[in-house]
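Notes follow the structure.
In the working numbering, the protein residues as written are 24 to 126.
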């Protein structure tokens with residue numbers, strides 16, 4: 024049986040491109056749950072938002088979190104809704120702004 028191609032959301036792709044330009048930190052969760060490990064790391068290191076945290080759960084799984092002014096969010100949610108985060112608006116490409124002005 025042929026596999027169907029997965030449809031790629033343009034909004035999510037744009038969000039992924041924006042997240043590529045912010046600071047990334049890779050950590051291991053150890054005994055803690057991934058979100059707890061991410062919160063402890065942010066507290067210990069004094070990381071300022073915006074930042075992307077890659078938390079390795081085990082050898083196969085890595086959870087991604089976005090540290091924003093208002094808290095810790097799943098990176099997939101942020102990719103899909105990047106326009107809701109003021110700290111990411113400054114990172115949007117100037118090309119998009121010029122396209123929006125032309126329309």
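Glycine residues also receive a C-beta, built at the ideal position from the N, C-alpha and C atoms.
With DSSP collapsed to three states, give me the class of residue i.
i	result
residue 39	helix
residue 85	strand
residue 107	helix
residue 45	coil
residue 25	coil
residue 121	For residue 121, the predicted structure reports a pLDDT of 42, less than 50, and the residue's modelled location is therefore unreliable. The matter cannot be settled from this model.
Nearest to residue i by alpha carbon, out of the options?
i	options	result
residue 64	84, 88, 103	88
residue 84	111, 25, 50, 29	50
residue 79	94, 95, 93, 61	61
residue 55	86, 97, 100, 29	86
residue 92	99, 100, 29, 111	111
residue 97	36, 77, 82, 81	77
Just checking my contact of residue i with residue j at CB under 8 Å: how many whole Å lie between their CB atoms?
i	j	result
residue 164	residue 105	Given a span of 24 to 126 for the chain in the structure shown, any question on residue 164 remains unanswerable.
Given a threshold of 16 other Cβ atoms within 10 Å of its Cβ, counted over all protein chains shown, does residue i qualify as buried or as exposed?
i	result
residue 107	exposed
residue 57	buried
residue 123	Here the model assigns residue 123 a pLDDT of 45, short of 50, so the residue's position is not dependable, and the following value carries that caveat. Result: exposed.
residue 27	exposed
residue 102	buried
residue 74	buried
For residue i, is the beta carbon positioned less than 7 Å from some heavy atom of the ligand FAD?
i	result
residue 66	No copy of the ligand FAD appears in this structure; indeed no ligand is present at all.
Margin query: Does the structure place the region 59–74 close enough to the region 38–50 that three or more beta carbon pairs sit under 8 Å?
Written below: Segments in contact, yes.
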